[in-house]
Amino acid sequence: MHTAKIDLTLEPTGRHLAFSKELLEVAHVFRRVGGEASTWQRVAVNARSPFLDTDTFAPGTLLEYYVQHETQQGEPEARSHVVSTTVA
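Read the sequence shown against our numbering and you will find it ends at 98, with the numbers running on by one and no gaps.
As structure tokens, this is what we get:
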């Protein structure tokens, strides 16, 4: 499994995630709130890039994201590295 590209930028309306996605790949976006003690949650199924997370969190909250790529048959194909930010 190879590593997929992901970029996180902050916008006034939320967190903008841009990632590579091949035409037939399925991409799921995962988010973890509060660091390593928390569990990962899938927040988007078969997401398109860019994905904008507009959920609201308290200032100082640590948010982490990664993208999991799968084939059309549901086989894992690639996973991005983890990107993170702290809510201002």
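Positions of the beta carbon are idealized from the N, C-alpha and C atoms, including for glycine.
DSSP places Asp63 in the uninterrupted beta strand (DSSP E) bounded by 61-63. The criterion of a C-beta distance shorter than 7 Å is not satisfied by Ala28 and His79. At a Cβ-Cβ threshold of 7 Å, Asn56 and Val36 count as neighbours. A distance below 6 Å between beta-carbons, with the five flanking residues on each side excluded, links Phe40 to the following residues of its chain, in chain order: Trp50, Arg52, Tyr76. For Ser94, the enclosing beta strand (DSSP E) begins and ends at 93-96. Contact check for Thr81 against Glu74 fails: the beta carbons are separated by 7 Å or more. Cα atoms of Glu32 and Val92: separation of roughly 20 Å, rounded to the nearest angstrom. Of the residues assessed, Arg58 falls on the exposed side of the cut-off, its CB having fewer than 16 other CB atoms within 10 angstroms.
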